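Peer 1: Quick note, in the working numbering, the sequence shown goes up one by one and the last residue is 1464.
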Amino acid sequence: MPLSQSMQPKLKTKRYKKCNECNKRRSFLDENHKICHTCYKTKILLKPSGNKVIDDFIRHTQINYTKDKGKLEFIPYDQLKDIEFIAEGGFSKIYKATWVDGPINNWKNIRNRNFIVSRDHNYTVVLKKLNNSKHFTSKELNELRVFYGIISKGFNYFISNYFGITQDPITKEFIIIMPYYDLGDLVHYISEDFFNINWERKLNKLYSISNGLFNIHKQEVIHRDLHSGNIFFYKGSANYVDTVIGDLGISKSATESTDDDENYGIIPYMAPEIFQGQKYTKASDIYSFGMIMWEFMTGRRPFWDRDHDTELIIEICDGLRPPIVTNAPEGYIDLMKECWHSDP
1121 MPLSQSMQPK LKTKRYKKCN ECNKRRSFLD ENHKICHTCY KTKILLKPSG NKVIDDFIRH
1181 TQINYTKDKG KLEFIPYDQL KDIEFIAEGG FSKIYKATWV DGPINNWKNI RNRNFIVSRD
1241 HNYTVVLKKL NNSKHFTSKE LNELRVFYGI ISKGFNYFIS NYFGITQDPI TKEFIIIMPY
1301 YDLGDLVHYI SEDFFNINWE RKLNKLYSIS NGLFNIHKQE VIHRDLHSGN IFFYKGSANY
1361 VDTVIGDLGI SKSATESTDD DENYGIIPYM APEIFQGQKY TKASDIYSFG MIMWEFMTGR
1421 RPFWDRDHDT ELIIEICDGL RPPIVTNAPE GYIDLMKECW HSDP
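1) So, do the segment 1354-1363 and the segment 1402-1411 have three or more beta carbon pairs nearer to each other than 8 angstroms?
2) Buried or exposed for PHE1334, please, with buried defined as at least 16 other CB atoms from any protein chain shown within 10 angstroms of its CB.
3) Among ASN1316, PRO1388, PRO1392, ASP1429, whose alpha-carbon lies nearest the alpha-carbon of PHE1414?
4) Bridge partners of GLU1208, per DSSP?
5) Excluding five sequence neighbours on each side, which residues of the same chain lie with their C-beta closer than 7 angstroms to the C-beta of TRP1460?
6) For ASP1305, which three-state DSSP category applies?
7) Kindly confirm or deny that the segment 1241-1261 and the segment 1292-1302 touch, where touching means at least three C-beta pairs closer than 8 angstroms.
8) Taking DSSP as the reference, what is the three-state secondary structure of MET1390?
9) Can you check which of these residues, TRP1219, SER1272, GLU1340, TRP1319, is closest to GLU1204 by C-alpha distance?
10) From PRO1443, ILE1433, ILE1434, pick the residue whose C-alpha is nearest to that of ARG1421; which is it?
11) Does the count of Cβ pairs from the segment 1321-1330 and the segment 1256-1275 closer than 8 angstroms reach three?
12) Can you list the beta strand (DSSP E) stretches of 3 or more residues lying completely in the segment 1250-1286, in chain order?
13) Are there 16 or more other CB atoms within 10 angstroms of the CB of PRO1289, so buried, or fewer, so exposed?
14) Hey, would you say SER1373 sits closer than 8 angstroms to HIS1343, going by beta carbons?
15) Measuring straight from C-alpha to C-alpha, what distance separates LEU1149 and GLU1208?
16) Is it buried or exposed for THR1430, if we count other Cβ within 10 angstroms and need 16 for buried?
17) Taking the alpha-carbon positions, what's the MET1456 to VAL1266 distance?
18) Output the distance between the C-alpha atoms of ILE1195 and LYS1259, rounded to the nearest integer angstrom.
19) Measure the alpha-carbon distance for LYS1355 versus THR1257 and round it to whole angstroms.
20) In angstroms, rounded to a whole number, what distance separates the CA positions of TYR1384 and LYS1172?
21) Going by CA-CA distance only, name the one from GLY1269, PHE1283, GLY1170, THR1286 that's closest to GLU1340.
22) Specify the secondary structure class of ARG1239 as computed by DSSP and reduced to three states.
23) Using the rule of at least 16 other Cβ atoms within 10 Å of the residue's Cβ for burial, across every protein chain shown, is LYS1338 buried or exposed?
24) Ordered along the chain, which non-local residues of its own chain (more than five positions away) have a Cβ less than 7 angstroms from that of ASP1302?
25) Between LYS1436 and PRO1392, is the Cβ-Cβ spacing less than 8 angstroms?
26) Tell me whether VAL1364 sits in a helix, a strand or coil according to DSSP, three-state version.
27) Whole angstroms is fine: what's the gap from GLY1451's alpha carbon to VAL1307's?
28) I need the straight-line Cα distance from TYR1309 to ILE1329, nearest angstrom please.
29) In whole angstroms, give me the CA-to-CA distance for ASP1345 and GLN1199.
30) Sort GLY1349, THR1418, ASP1427, HIS1241 by Cα distance to ILE1214 and report the nearest one.
31) What are the residues that DSSP puts in a beta bridge with LEU1200?
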């Protein structure tokens, strides 16, 4: 005999309606709420930076990237301690620091939107202070826009993550906050333990790097500065060494028409056609990958014994490549030569 309507258990169902904040149809706990879960959590996290370009972009990442990887925060500078200078590049200065609160690792919904944010406290991060960024514009957002354009399609594997932005209270320059990779870059990884890294491990790392580059290229983006200083290693689960490509700072869309004719990068990793006035292409990234293959094979950076000068550039354009050694697996050298061939 069927239960009467009053006796049937009431199931709590999600209600979907248009959010007043993001204008998307998302779940609501009850009819009285005017904004969705995602926007509600965004309001909890969103701290104004004082710069509309940054605030709008952070809010965009909070609302549109539903997974934790992909949500930026503006992080107060006093949340950073033990700041230590590491290096300086053409566009930025790099520091290591401890983020007191640390990145979010979980959200807990206690009852009726009483959210508790769980974080990895005292988290080691890298600070990338952008030179002359006091007046932050959309141009300085290029690195983050490229990254979020890639992960929005789900191709975030083997590419370095980003946590947020802060501002130096003295210089007023803005700083991008990223993970610190405890095993360092490829230069450090190889020099520390080259003779104990067997070919199986080398090929595994190259596979990860090639997948990261594939994910970048699949979104019609060119890295334009791929070299061993931008390949990072860290201990993942079960002490497995994971690999990521970093520094998308000068990356560009492959379909973008640009008047930027300036050459970037480290000479041994730059394709000869770049020195001859041609545009960066996916093929020029593949050339750089060929040099990284050589580095895995020899344990040295290409042309490590040469000055990086005009003479080297001319010889590279004339066909000079690093010397071949014969300790590689079958097919490895042929593939490497295809990558660095003069005809892209």
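Even for Gly, the Cβ is constructed at its ideal location relative to N, Cα and C.
A quick note: this is a predicted structure, and the numbers were derived from the prediction, not measured.
Peer 2: Per the coordinate set shown:
1) no
2) On the sequence shown, position 214 is the one that residue 1334 refers to. Exposed, by the Cβ-count rule.
3) One-based indexing of the sequence shown puts residue 1414 at position 294. For the sequence presented, residue 1414 should be read as Trp rather than Phe. The residue with the shortest Cα to Cα distance from TRP1414 is PRO1388.
4) Residue mapping note: residue 1208 aligns to position 88 of the sequence shown, counting from 1. DSSP output for GLU1208 lists LYS1213 as bridge partner(s).
5) On the sequence shown, position 340 is the one that residue 1460 refers to. Cβ within range, chain order: TYR1407, GLY1410, MET1411, ARG1441.
6) In the sequence shown, the residue the question calls residue 1305 occupies position 185. Three-state DSSP puts ASP1305 in a strand.
7) yes
8) Numbered from its first residue, the sequence shown carries residue 1390 at position 270. If DSSP states are grouped into helix, strand and coil, MET1390 belongs with coil.
9) What you label residue 1204 is simply residue 84 of the sequence shown in a count that begins at 1. Looking at the Cα atoms, TRP1219 is the closest of the given residues.
10) If you number the sequence shown from 1, residue 1421 lands on position 301. For ARG1421, the nearest C-alpha among the options comes from PRO1443.
11) no
12) none
13) Here residue 1289 corresponds to residue number 169 of the sequence shown, with the count starting at 1. It is exposed - the Cβ of PRO1289 has fewer than 16 other Cβ atoms within 10 Å.
14) Position 253 of the sequence shown, counted from the first residue, corresponds to residue 1373. Position 223 of the sequence shown, counted from the first residue, corresponds to residue 1343. Not a contact, by the Cβ cut-off of 8 angstroms.
15) Along the sequence shown, one-based indexing puts residue 1149 at 29. Along the sequence shown, one-based indexing puts residue 1208 at 88. Annotation note: pLDDT 46 at LEU1149 (below 50); position unreliable, coordinate value reported separately. Their backbone Cα atoms lie some 49 angstroms apart in a straight line.
16) Residue mapping note: residue 1430 aligns to position 310 of the sequence shown, counting from 1. THR1430 should be labelled exposed.
17) The residue labelled residue 1456 in the question sits at position 336 within the sequence shown. The residue labelled residue 1266 in the question sits at position 146 within the sequence shown. The straight-line gap from Cα to Cα measures roughly 28 angstroms.
18) For the purposes of this step, residue 1195 is taken as residue 75 along the sequence shown, with counting starting at 1. For the purposes of this step, residue 1259 is taken as residue 139 along the sequence shown, with counting starting at 1. Whole-angstrom Cα-Cα distance: 20 angstroms.
19) Taking the sequence shown and counting its residues from 1, one reaches residue 1355 at position 235. Taking the sequence shown and counting its residues from 1, one reaches residue 1257 at position 137. For LYS1355 and THR1257, the distance between alpha carbons rounds to 35 angstroms.
20) Here residue 1384 refers to the residue found at position 264 when the sequence shown is read from its first residue. Here residue 1172 refers to the residue found at position 52 when the sequence shown is read from its first residue. Near 30 angstroms, if we compare the C-alpha coordinates of LYS1172 and TYR1384.
21) The residue given as residue 1340 occupies position 220 in the sequence shown. Ranking the options by Cα distance to GLU1340, first place goes to GLY1269.
22) Taking the first residue of the sequence shown as 1, we reach residue 1239 at position 119. Of the three classes helix, strand and coil, the one that applies to ARG1239 here is strand, per DSSP.
23) Translated into positions along the sequence shown, residue 1338 becomes position 218. With fewer than 16 other Cβ atoms within 10 Å, it is exposed.
24) Taking the sequence shown and counting its residues from 1, one reaches residue 1302 at position 182. The answer, listed in chain order, is TYR1354, LYS1355.
25) Indexing the sequence shown from 1 puts residue 1436 at position 316. Indexing the sequence shown from 1 puts residue 1392 at position 272. The amino acid occupying residue 1436 in the given sequence is Ile; Lys does not appear at that position. Yes.
26) Residue numbering aside, residue 1364 sits at position 244 when the sequence shown is read from its first letter. In this structure, VAL1364 counts as strand in the three-state DSSP scheme.
27) For this step, residue 1451 is matched to residue 331 along the sequence shown. For this step, residue 1307 is matched to residue 187 along the sequence shown. The alpha-carbon atoms of GLY1451 and VAL1307 are separated by roughly 24 angstroms.
28) Residue numbering aside, residue 1309 sits at position 189 when the sequence shown is read from its first letter. Residue numbering aside, residue 1329 sits at position 209 when the sequence shown is read from its first letter. Rounded to whole angstroms, TYR1309 to ILE1329 spans 14 angstroms at the Cα level.
29) On the sequence shown, position 225 is the one that residue 1345 refers to. On the sequence shown, position 79 is the one that residue 1199 refers to. Those two C-alpha atoms are separated by around 31 angstroms.
30) Along the sequence shown, one-based indexing puts residue 1214 at 94. That would be GLY1349, whose Cα lies nearest to the Cα of ILE1214.
31) Here residue 1200 refers to the residue found at position 80 when the sequence shown is read from its first residue. According to DSSP, which records beta bridges pairwise, LEU1200 is partnered with TRP1219.
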